[in-house]
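A quick write-up on the structure given underneath.
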Amino acid sequence: MGIIRFLKDWTLPVAIATGTVCYLLFYYVPALDEVGSALSPIFDVLFPVTVFMTLFVTFCKVDFHQMRPHRWHTGILIAQLLLVAVVVGVILTFRQSTSKLFWEALLTCIIGPSASAAPVVVGKLGGNISTMTTYTLISSLASALLIPVVFPILEPTANVAFLEAFLIILEKVSYVLLLPLVLGWIMQHYVKGVCARIAAMPNLSFYCWAVSLSITTGITVKNIVHSSASIILLLMIALGTFLLCWVQFGIGRGIGRLLGEEINSGQALFQKNTALSIWVAYMYLNPVSSIGAGCYVLWQNIINSFELWHYRKKSR
177 MGIIRFLKDW TLPVAIATGT VCYLLFYYVP ALDEVGSALS PIFDVLFPVT
227 VFMTLFVTFC KVDFHQMRPH RWHTGILIAQ LLLVAVVVGV ILTFRQSTSK
277 LFWEALLTCI IGPSASAAPV VVGKLGGNIS TMTTYTLISS LASALLIPVV
327 FPILEPTANV AFLEAFLIIL EKVSYVLLLP LVLGWIMQHY VKGVCARIAA
377 MPNLSFYCWA VSLSITTGIT VKNIVHSSAS IILLLMIALG TFLLCWVQFG
427 IGRGIGRLLG EEINSGQALF QKNTALSIWV AYMYLNPVSS IGAGCYVLWQ
477 NIINSFELWH YRKKSR
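Residue numbers for the sequence shown follow this note's numbering, so the first one is 177 and each next one is one higher.
Here it is in structure tokens:
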């Protein structure tokens, strides 16, 4: 019982540790090469399925009548735009410097949309899932507009057609966000019995997310191990994204205290769709900058674990 209680209380750190250990085990033990090759396509399928199930289960519990814009949405969007402007200004100032990669790595962790799984954490923390879901949609649209505008300024050689990039980003977001949202609405209105059974399992979406986090962690460790960047740059990116994580979390919470949605605002600004950020870095920036989003996903889930621990302690 003690082990089960520990796994329930520290699901996210366990998922991170599992993904890290599993990848390193397959990487350093030659005897496992064939097993790793056989499991790779399975994980390629399992990852999007777990992300989809995480959101589908969450959206079966969303109150769609509450899905409308709120004041805190505007506050968080303005904060994100200001942070993007500051970092872009720094990159343009030090365009020829070796620190450019460092700042581009931070930018990918700011300009990306709010994480699709953010409503899951908000629900576990007692926040409003419906308004968080609304902001996730707004944030995705804002990032789809920002990225094609900002990245050609930073990398003039990057071939970024605005409309093409906008549609590609929206397409990627639609598969993991809009589709489960629409299916959740259909379940609530036309398959109410099954929807009620799904809603009666409050931790199902959380555990689905833990599986996807474990896979994401393995991919992150793989990118770090195979990166061509120097150890010093990797350490700078790791430390920089750690500090950025707390800065965005603190700013989000501060805005939330002023506008009445502290939990939602904190998660909205700091919990990012790192999978999309990594893809954007590979497509339009130096691939080394994708390490930033890879590190960020670890830090944000460590903070999420701390939040959940504090919430459980306060509730008990």
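For each residue, glycine too, the CB sits at the ideal point set by N, CA and C.
Roughly how far, in whole angstroms, is the beta-carbon of residue 387 from the beta-carbon of residue 226, given that I think they are within contact range, below 8 angstroms? 5 angstroms
Looking only at C-alpha atoms, which of 244, 488, 281 and 429 sits nearest to residue 305? Nearest C-alpha to residue 305 among 244, 488, 281 and 429: 244.
For chain C, check one thing: does any of its Cβ atoms lie closer than 9 angstroms to the Cβ of residue 399? In the displayed structure, chain C is absent; only one protein chain is listed.
Counting only runs of 4+ residues fully inside the stretch 396-470, write out the alpha helix (DSSP H) ranges in chain order. 407-435, 438-446 and 450-460
State the CB to CB distance for the pair residue 283 and residue 263, rounded to an integer number of angstroms; the pair is presumed to be in contact (CB under 8 angstroms). 5 angstroms
Excluding the 5 residues preceding and the 5 following residue 400 in the sequence, name in chain order all residues of the same chain whose CB lies nearer than 7 angstroms to its CB. Excluding sequence neighbours, residue 400 sits near 410, 467 and 470.
Per DSSP, the bridge partner or partners of residue 290: 448
So what does DSSP say about residue 265, is it helix, strand or coil? helix
In chain order, what residues of the same chain have a beta carbon less than 8 angstroms from the beta carbon of residue 188, not counting five sequence neighbours either side? 386, 389, 477, 478, 480, 481 and 484
Alpha carbon of residue 202 to alpha carbon of residue 432, nearest angstrom: 43 angstroms
So, are the CB atoms of residue 247 and residue 435 less than 9 angstroms apart? yes
Roughly how many angstroms separate the alpha carbons of residue 369 and residue 199, rounded to a whole number? 40 angstroms
Hey, out of 380, 361, 372 and 413, whose CA is closest to residue 235's CA? Selected option, being the one with the closest Cα: 361.
What are the boundary residues of the alpha helix (DSSP H) that residue 275 is part of? First-last for residue 275: undefined, no H or E at that position.
Taking the alpha helix (DSSP H) that residue 365 falls in, what are its first and last residues? 355-366
With 16 as the cutoff for other CB atoms within 10 Å, does residue 179 come out buried or exposed? exposed
9 angstroms Cβ cutoff met for residue 195 and residue 397: yes
Which class does residue 281 belong to by DSSP, given the choice of helix, strand or coil? helix
Would you mind working out which of 446, 345 and 405 sits nearest residue 259, comparing C-alpha positions? 446
Using CA coordinates, which residue listed in 455, 428 and 407 is at the minimum distance from residue 442? 428
In three-state terms, what does DSSP make of residue 304? coil
Relative to the alpha-carbon of residue 254, which residue among 444, 346 and 422 has its alpha-carbon at the smallest distance? 444
Using a threshold of 9 angstroms, state whether the C-beta atoms of residue 218 and residue 393 are closer than that. no
Is it buried or exposed for residue 377, if we count other Cβ within 10 angstroms and need 16 for buried? exposed
Can you check whether the CB of residue 437 is closer than 9 angstroms to the CB of residue 303? yes
Starting from residue 202 and walking both ways along the alpha helix (DSSP H), at which residues does that stretch end? 187-204
Check whether the Cβ atoms of residue 449 and residue 291 sit closer than 9 angstroms, and answer yes or no. yes
Cβ atoms of residue 279 and residue 267: under 9 angstroms apart, would you say? yes
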